[in-house]
Amino acid sequence: MMQIPQLHKRMPDTLPKDWRLLPTGYFTHQLVGLPNPLDDAPESPDRIEAIEARLMLAGLEGRVRRVECGPAPREAVLLAHDSQYVDDLEHASLGDPEALKRFTEPDTRVGEDTFSCAMASAGAVARAVDAIYGRSVKNAFCAVRPPGHHASRSRASGFCYLNNAAIGALWAQKRWRAERVMVLDFDAHHGDGTEEILADRPGVRFLSLFQWPLFPHRRMEPTPSNAVLSPLPAGAGGEDIRNVVENVWLPEIDKFQPDLMILSAGFDAHCEERIAQLKAGEMDYACVTRLLVEASFAYCEGRLVSVLEGGYELRSLARSVFTHLQGLIRNPLPAETCKDPN
63 MMQIPQLHKR
73 MPDTLPKDWR
83 LLPTGYFTHQ
93 LVGLPNPLDD
103 APESPDRIEA
113 IEARLMLAGL
123 EGRVRRVECG
133 PAPREAVLLA
143 HDSQYVDDLE
153 HASLGDPEAL
163 KRFTEPDTRV
173 GEDTFSCAMA
183 SAGAVARAVD
193 AIYGRSVKNA
203 FCAVRPPGHH
213 ASRSRASGFC
223 YLNNAAIGAL
233 WAQKRWRAER
243 VMVLDFDAHH
253 GDGTEEILAD
263 RPGVRFLSLF
273 QWPLFPHRRM
283 EPTPSNAVLS
293 PLPAGAGGED
303 IRNVVENVWL
313 PEIDKFQPDL
323 MILSAGFDAH
333 CEERIAQLKA
343 GEMDYACVTR
353 LLVEASFAYC
363 EGRLVSVLEG
373 GYELRSLARS
383 VFTHLQGLIR
393 NPLPAETCKD
403 PN
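If you want it as structure tokens, here you go:
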């Protein structure tokens, strides 16, 4: 068993007595079922359908507060993206030939619903941030698509058009005056767009573990001053991922002491995934979730927003998200352990 390490900062004494009784929010939008413009793309509506079917089968839907969200405020999106890029994405979705020239890669084709879907996904994350600071939920999971962490300020990439996690982080700074926001990305693919958008920004820290080499094939140097990158080789297992979280991420959290934690929660490091070659299992995601939830309770009064990124094998994705959501719902215990799945 791996003992969860003791965190340096104790639980604040000022929390309302009923704070831990607040529900976990499940933020989504009505457009998640619309098709990907690229036929046979692994990023498809089936992903959310599989997740929700698993949650319903287990009766977990009744233990979260479901919130259907509309589009993000444009001012929130423009905190992370250039206005011309956002305009081009909108116009491309309307069929503008000139704007469509900007989205010619196979993994960033634009259809008539692309802009609306991307805005709604960003809207779910912004709404989750608002709900957490407004104390209607203790933490949140955003079941959204398209994902976001490959989208940079002015470029779509890897099925990503708007960077949901970066928008959430910058919205928390602007709307809620968050002084220290930490974005933590455990997708098998590096969140290169998030890194670019948040690079060297004051009050923001970005941590990313990922398989390397693998898309997006980032060169490992240079690294922004506010980023910590933890590349893992193909074949690395759940223990390697947990070691990064325990030995790299937790000390960074302790040093930074965030007001808000945002997770780019990709589940394509699972051993059943074909799109990457990492070997995590559901128990590893359970352990990572427990470590990060406990850290959020210790440092930022539980304020944690988890945003769905990758994960394409439907069965393993559904099981992994179920395990992750269980960890968000259940409050941490002082002497909790993470069992080694091996």
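All residue numbers for the sequence shown refer to this note's numbering, where the first residue is 63 and numbers rise by one. Here a beta-carbon is modelled for each residue, glycine too, at the ideal position from N, C-alpha and C.
Would you say residue i and residue j are within 8 Å of each other, going by their C-beta atoms?
{"i": "Ala240", "j": "Leu322", "result": "yes"}
{"i": "Asn226", "j": "Val206", "result": "yes"}
{"i": "Gly299", "j": "Gly373", "result": "no"}
{"i": "Val126", "j": "Val367", "result": "no"}
{"i": "Val129", "j": "Tyr88", "result": "yes"}
{"i": "Ala188", "j": "Trp233", "result": "yes"}
{"i": "Glu375", "j": "Arg336", "result": "yes"}
{"i": "Val369", "j": "Leu325", "result": "yes"}
{"i": "Arg242", "j": "Pro320", "result": "yes"}
{"i": "Val148", "j": "Pro99", "result": "no"}
{"i": "Pro255", "j": "Ser214", "result": "It is worth fixing the name first, because residue 255 is Gly in this sequence and not Pro. The answer is yes: Cβ separation under 8 Å."}
{"i": "Ser155", "j": "Leu93", "result": "no"}
{"i": "Thr86", "j": "Lys200", "result": "yes"}
{"i": "Glu105", "j": "Pro209", "result": "yes"}
Would you kindly work out how many angstroms separate the C-alpha atoms of residue i and residue j, rounded to a whole number?
{"i": "Ala397", "j": "Asp150", "result": "Confidence is the limiting factor: at Ala397 the pLDDT is only 45, short of 50, which leaves the residue's position unreliable, though a coordinate-based value still follows. Those two C-alpha atoms are separated by around 52 Å."}
{"i": "Ile303", "j": "His153", "result": "41 Å"}
{"i": "Arg136", "j": "Ala142", "result": "10 Å"}
{"i": "Gly132", "j": "Phe277", "result": "31 Å"}
{"i": "Gln146", "j": "Asp175", "result": "19 Å"}
{"i": "Leu353", "j": "Lys163", "result": "44 Å"}
{"i": "Glu167", "j": "Ser183", "result": "21 Å"}
{"i": "Met244", "j": "Tyr223", "result": "21 Å"}
{"i": "Leu96", "j": "Gly253", "result": "24 Å"}
{"i": "Met73", "j": "Arg197", "result": "Residue placement at Met73 is poorly supported in this model, since its pLDDT is 43, which falls under 50; the coordinates still yield a value, given next. Their backbone Cα atoms lie some 17 Å apart in a straight line."}
{"i": "Ala103", "j": "Asp169", "result": "8 Å"}
{"i": "His332", "j": "Pro286", "result": "28 Å"}
{"i": "Leu204", "j": "Asp330", "result": "Looking at the sequence shown, residue 204 is not Leu but Cys. Cα-Cα distance, rounded: 17 Å."}
{"i": "Phe248", "j": "Trp274", "result": "13 Å"}
{"i": "Ser270", "j": "Trp238", "result": "25 Å"}
{"i": "Thr385", "j": "Leu379", "result": "10 Å"}
Determine the extent of the alpha helix (DSSP H) in which residue i is found, giving its start and end residues.
{"i": "Phe318", "result": "Leu312 to Phe318"}
{"i": "Glu137", "result": "Arg136 to Val139"}
{"i": "Thr170", "result": "Counting along the chain, Thr170 falls outside any alpha helix (DSSP H), and DSSP gives it neither H nor E."}
{"i": "Pro293", "result": "Per DSSP, Pro293 belongs to no alpha helix (DSSP H); it is in the beta strand (DSSP E), Ala289 to Leu294."}
{"i": "Glu257", "result": "Asp254 to Leu260"}
{"i": "Gly87", "result": "Not the alpha helix (DSSP H): Gly87 falls in the beta strand (DSSP E), residues Thr86 to Thr90."}
{"i": "Leu354", "result": "Glu344 to Tyr361"}
Say the cut is 7 Å; is the CB of residue i nearer than that to a heavy atom of the ligand ZN?
{"i": "Ala342", "result": "Ligands displayed in this structure: none; no statement on the ligand ZN is therefore possible."}
List the endpoints of the continuous beta strand (DSSP E) containing residue i.
{"i": "Asn201", "result": "Asn201 to Cys204"}
{"i": "Gln273", "result": "Val266 to Gln273"}
{"i": "Leu322", "result": "Leu322 to Ala327"}
Our contact map puts residue i next to residue j with C-beta atoms below 8 Å; I'd like the distance itself, whole angstroms only.
{"i": "Gln26", "j": "Ala296", "result": "Residue 26 is absent from the structure shown; the chain starts at 63 and stops at 404."}
{"i": "Arg250", "j": "Ile315", "result": "Correcting the residue identity first, residue 250 is Ala in this sequence and not Arg. Contact flag wrong, Cβ pair sits at about 22 Å."}
{"i": "Ala134", "j": "Ile259", "result": "Not confirmed; about 15 Å, so no contact."}
Determine contact between the stretch 119-136 and the stretch 152-163, defined as no fewer than three beta-carbon pairs at a distance below 8 Å. no
Counting Cβ pairs, one atom from each stretch, are 3 or more of them under 8 Å apart for the stretch 331-348 and the stretch 259-269? no
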